[in-house]
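Here is the structure we will look at.
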Amino acid sequence: MAYINFKNVTFSYPENPAMPALQDLSLQVEKGQFVVLCGHSGCGKSTLLRLLKQEIKPHGAILGDIQLEGQSLLVENSSSKGIGYVFQDPENQVVADEVLHELAFGLENVGLSTNEMRNRIAEMVNFMGAENLLHRKTHTLSGGQKQQLNLASVLLMQPNVLLLDEPTAQLDPVSAREFLDMIVRLNGEFGLTVIMAEHRLEEVLAVADKIVMMEKGQIRLEGRPKEILPKVWDSSEKPYVPTIPSFYLKVFDQGQEGCGVGASSEVPLTVKEGRSWLRERRDGSPVYGYESTESTQLISEHKLDKPELPPSEPIIEVKNLFFQYDARKPSEAILKGLSLNLHKGEFYTLLGGNGSGKSTLMKLICGVSKPQRGKVIINKRDLKRWGRQELAKMIGYLPQNPKLYFIQDTVGKELQDTLEQWGLATESGEKRTSDLLNSLGIPHLTNKHPYDLSGGEIQKVALACLLVRQPQILLLDEPTKGLDPVSKGQLADILLELQSQGLTIMMTSHDVEFAAKYADRCGMMFEGRITSESSPASFFKGNFFYTTMIQRLFRGYTEDVVTMEEAIRIWGAR
Amino acid sequence: MIQRFEDFHPAFTFFYYMGVILLLMMFQHPTILVIALLIILMIHFVEDRFQNLKRWSLLIILSGVLIILLNPVFNQRGRIVLFIIGDHYITLEAVLNGSVTALSIMAIISIFVSYNEVMTPNKLLFLFSKLLPQFAVLLMLTLRFIPLMRRRLEEISAVQYSKGIAVTDGNWRKKVKNGLLYIQVLVTYSLEEAIQTADSMNAREYGKGERTTYDHFRFKKIDAVAFLWVGFLLIYCVIGRLYGFGVLTIYPMMDPIPLTGMEWCLAIGMFIFIAFPLVVKGGGRLKWRILISKM
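Just so you know, the protein sequences line up as chains X and A, in that order. Counting from 1, position 2 in the first sequence corresponds to residue 2 in full-length UniProt numbering; the numbering is continuous, with no gaps. Counting from 1, position 127 in the second sequence corresponds to residue 127 in full-length UniProt numbering; the numbering is continuous, with no gaps.
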């Protein structure tokens, strides 16, 4: 008897009875299992999770049965006390203004005595190592810390099952990894049953007992990671396969096996497994081994592929920029003498840790904040001498949270408003707008409220609104955050298309793989300055931590491989 | 550890401040009020060298001066005429009446400044959560939401600025229109996000049953001692006041201004009450010295 048992569940929301959110879905989860749900946004992952938690169960019609330890969860007054739920957004789950209050909140709700609360909190704080955070105001915590706090306050209720709805989507990779490590630990050391919806399979593959691939309210594929990955690879959900297994499978596809390694079921999941597979291959085949000539050949090939831009006009020049938020605290300066040059038509990616000042730099370039010292020169004119309207026409800025971009209540109105603001509400302007919407694949969204859209959709819509005013520079703050792999691919296509039309693109990102694949130049921000800057190939080559999975896989064999395409090519050239 | 005034149990601190305000309102006598005001100023000086009071000084002085000046303008009653302006009589009674009101208001504002520093929202929350648990949750959410909304509004105006829309643009009609749009975005966005907060509260069993509260503050022996001491002084003062001491009768016939012996006894009780934080501070210093000299 399974611990959690979905029996032919069909669920439909009242707004859309014809299109059930879950369709005849059956799923068994054993006690202590680590289950990962993946699939596009809107495929029913959240609905499935929420149905397990009585208190936040969505309204709608349900058929079938959901059982926890043989008890139906669908009867009136059934309790789901043993189930903890962590949501996606770190900020919105926080109730109290102080960490200690937040931790106590759930315990207060179940009516524990102060003594017991104090014991449980003490234990939890110890486990999480968060003693020094207890009396901090919650809004001063970083996103990762907030999410850990949310997890802690759920764990304090001593659940047997932990449900997580894309808990790391809003976090940077370092915090995301820390968070996932914690989940893995809880599962491994305490036998907590974990069901998690997640896009980043990279981190959880090695520990998950079961991957469930969902599509349109149904389970498409289900099984252990090693069994399921080749199947996912052969389906239309290819982008979900993380780098290392997909490299293996790609090689496998090309039929270049035959050195004693490999059925597709032995797909490597981690860098460690990947490297041992590579070693085995090399030892098994005398032909194998890279000559230095091949390496150089590879570099030139790379250059052919992505030609070095002709030294065009610099469009953004940043000179010796200083910025601090609090005038009285010069020691907390964010930017300390930063300089940067961007050429026309370039795709530049700014990488760097949290709070290193990436977003601040963008705000300074688009004139939202003013630097204390230093110069920003746009198109050979000092930023101070640009009128605000002129500047807004020149630069399109997409904030980290695209929701704040919209001032009107439908997408169509927002577009119309922008057209009127820029005096483009002519026939040709509207024609262009509809062309733009078509090319982004979003003409059907014009009557929707921006907040009803998914992460990928709202990004595209905001981009459309930016592009309507025909800016020459695009500043994008973390555009890949929280996107599923498919939407990420679409975003990349859009950006490359815009670049080919002559736009200059600058984006900040934590996504190393994305930067390596699409950017012309990458810059690393540290200590208020850009410390290193070059093309992705040489940028990532020397890095140890801050680099792509493929580079980690090939480190020591050959140094120049950074992206999958390069790896495949040198595999073929062998 | 040396006990500080801030470390007392919130219930006691609350009781002390309410007591001070009550006494300041009861004892309407210029001499008593002047000395009380001086003690309160001393509390501020010892606490932070007037750092906090400075920000309020304009309000305190202005309201004091205004009341002293305006009272004789509207009030011509009294027997002792100081001088005559035109056909307007300025009487000693009117001036004294104004000063008493002014002094008690100045003293109350000053003690409130100290109250604000010592009674942090946390302590207040703790006190209320004992009485009204649901209200306490509301208060907690509000405390979180005020800075949150302010930060969101900043973000919104930054983004809209980059779009070429700003509240500083155009004529006042356009400014108002843009400002209202900002607020509209803020409200819709916040409501949208608040749904998730509500879900997260529900997921943690909020509203399922009887709520208890986490005791952040423990009632210690020293709190009990302080309560007894201060409570005794308060009762002493209140009883004295009920017998009619400690107040300057101005109308219809003004009493002599100097305090009688009995009134002094009462006033000193009140001063000791108000000076409680100074006593704690002084006692703490003394204890520290003794500890150090023993080492």
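Idealized CB from N, CA, C, for every residue including glycine.
Expressed to the nearest angstrom, what Euclidean distance is found between the alpha-carbon atoms of M106/A and L134/X?
38 Å
Hey, out of Q218/X, T548/X, G188/X, whose CA is closest to L37/X's CA?
Just measuring C-alpha positions, the residue of Q218/X, T548/X, G188/X sitting nearest L37/X is Q218/X.
Give the range of the beta strand (DSSP E) segment to which D65/X is assigned.
61-68 is the span of the beta strand (DSSP E), which, as asked, contains D65/X.
Starting from Q459/X, follow the alpha helix (DSSP H) in both directions and report where the run begins and ends.
455-468
Do we get a CB-CB distance below 7 Å when we pair G106/X with the residues of chain A?
yes
Report the three-state DSSP secondary structure of I407/X (helix, strand or coil).
coil
Measuring straight from C-alpha to C-alpha, what distance separates V46/A and E117/A?
14 Å
Alpha carbon to alpha carbon, how far is P10/A from R177/X?
42 Å
Cβ atoms of V20/A and I235/A: under 7 Å apart, would you say?
no
Quick one: which chain X residues come within Cβ less than 9 Å of S68/A?
Note that residue 68/A is Ile in the sequence shown here, rather than Ser. Listed along chain X is no residue with a C-beta nearer than 9 Å to that of I68/A; the closest approach is about 38 Å.
Which value, in whole angstroms, describes the spacing of the CA atoms of residue 644/X and T114/X?
There is simply no residue 644/X to check, as chain X begins at 1 and stops at 574 in what is shown.
Would P242/X and E202/X qualify as a contact pair, given that the criterion is a beta-carbon distance under 7 Å?
yes
Measuring only between beta-carbons, confirm whether M106/A sits less than 7 Å from chain X.
By the rule that beta-carbons nearer than 7 Å mark a contact, M106/A does not touch chain X.
Are there three or more Cβ pairs, one per stretch, closer than 8 Å when the stretch 73-87 of chain X is compared with the stretch 53-62 of chain X?
yes
Grab me the residues of L164/X's own chain with a C-beta within less than 6 Å of its C-beta, minus the 5 sequence neighbours each way, in chain order.
V86, M196
Strictly below 8 Å CB to CB, what residues from chain X border I292/A?
Here the premise fails: no neighbours, minimum Cβ distance about 29 Å.
Since Y348/X and I530/X should fall inside the 8 Å C-beta cutoff, what is the C-beta to C-beta distance between them, to a whole number of angstroms?
Not confirmed; about 10 Å, so no contact.
Which chain A residues sit within Cβ distance under 9 Å of P399/X?
E155, A158, V159, S162
Can you tell me the Cβ-Cβ gap for P147/A and H510/X, rounded? I've got them flagged as a contact below 8 Å.
Between H510/X and P147/A the Cβ distance is about 26 Å, and since that is not below 8 Å, they are no contact.
Are any of the Cβ atoms in chain C nearer than 7 Å to that of G209/A?
Checking the listed chains, one finds no chain C in this structure; the protein chains it contains are X and A.
Can you give the beta carbon distance from V461/X to T418/X, rounded, assuming they're within the 8 Å contact cut?
Not a contact, Cβ separation roughly 12 Å.
Taking just the CA atoms, how far does P314/X sit from N341/X?
6 Å
Going by DSSP, what residues sit across from E215/X in a beta bridge?
Q218/X
From the DSSP output, which residues share a beta bridge with T193/X?
V161/X
Taking a contact to mean a Cβ-Cβ separation below 7 Å, would you say Q88/X touches E166/X in this structure?
yes
Using CA coordinates, which residue listed in P252/A, I222/A, G269/A is at the minimum distance from F245/A?
G269/A
Taking DSSP as the reference, what is the three-state secondary structure of G260/X?
Annotation note: pLDDT 41 at G260/X (below 50); position unreliable, no value reported.
From the DSSP output, in three-state form, read off S434/X for me.
Helix at S434/X.
Counting along the chain, where does the beta strand (DSSP E) carrying Q28/X start and finish?
22-29
Give the DSSP-derived three-state secondary structure of R11/X in the structure shown.
With the sequence shown as reference, residue 11/X is identified as Phe, and Arg is not the correct amino acid for it. Residue state, collapsed to three classes: strand.
DSSP three-state call for Q297/X: helix, strand or coil?
For Q297/X, the predicted model reports a pLDDT of 41, less than 50, meaning its position is unreliable; a value from the coordinates is still stated below. Note: Q297/X maps to helix in three-state DSSP.
Which word fits V185/A, buried or exposed, when buried means at least 16 other C-beta atoms lie within 10 angstroms of its C-beta?
buried
Determine the direct distance from the alpha carbon of H343/X to that of F323/X, and round the result to whole angstroms.
23 Å
Exposed or buried, which one is R4/A when buried takes at least 16 other CB atoms within 10 Å?
Exposed, since its Cβ has fewer than 16 Cβ neighbours within 10 Å.
Mind listing the chain X neighbours of A11/A? Cutoff is C-beta to C-beta under 7 Å, in chain order.
The premise fails here: A11/A is roughly 15 Å from chain X at the closest Cβ pair, so nothing lies under 7 Å.
Can you check the stretch 324-391 of chain X for any beta strand (DSSP E) of at least 3 residues that lies completely inside it and give the ranges in chain order?
335-343, 347-352, 373-378
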